[in-house]
């Protein structure tokens with residue numbers, strides 16, 4: 002299980018890994034690394050994915066710098082933070098952006 006406080010301590014630019022694929026998705030979605038770092042610093046873990054490969058991951062709900070709800074899926078290998086980020090779609094998420102539509106909390 003990932004601890005948000007551990008992630009916050011590791012949340013520095015030199016410890017964030019951005020693959021080329023992730024970088025392209027960030028550009029397409031209009032999300033910055035600062036948005037991701039802010040989400041980790043101020044957001045909350047809303048789901049744990051303990052069986053993810055290569056490392057367990059979690060879903061963090063927070064806000065971007067432009068005050069939009071943001072989801073960041075983070076895995077942490079005890080050295081580096083790996084992530085993907087997206088703006089949740091109201092068509093797929095309940096208004097609190099914590100629960101997928103059609104699923105129980």
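In the working numbering, the protein residues as written are 2 to 106.
The beta-carbon is built from N, C-alpha and C at its ideal position, and this holds for glycine as well.
Quick caveat, the model's predicted, so the values are computed rather than measured.
Check: Do you know offhand how far residue 14's Cα is from residue 81's?
Finding: 10 Å
Checklist line | Sequence-distant residues of the same chain with beta carbon closer than 7 Å to residue 59, five excluded per side | finding: 3, 46, 48, 49, 50 and 75
Margin query: Per the DSSP calculation, residue 77 is bridged to which residue(s)?
Written below: 82
Checklist line | For residue 68 and residue 54, the rounded distance between their alpha carbons | finding: 31 Å
Notebook entry, point to check: For residue 69, does the three-state DSSP call read helix, strand or coil?
Noted result: coil
Notebook entry, point to check: Which same chain residues, not among the five before or five after residue 7, have their C-beta less than 8 Å away from its C-beta?
Noted result: 77
Note to self: Excluding the 5 residues flanking residue 64 on each side, which residues of the same chain have their C-beta closer than 8 Å to its C-beta?
What the structure shows: 39, 40, 43, 44, 70 and 71
Margin query: Taking a contact to mean a Cβ-Cβ separation below 8 Å, would you say residue 11 touches residue 85 in this structure?
Written below: no
Note to self: So if DSSP puts residue 101 in a beta bridge, which residue, or which two residues, is it bridged to?
What the structure shows: 94
Margin query: With H, G and I counted as helix, E and B as strand and the rest as coil, what does DSSP make of residue 61?
Written below: strand
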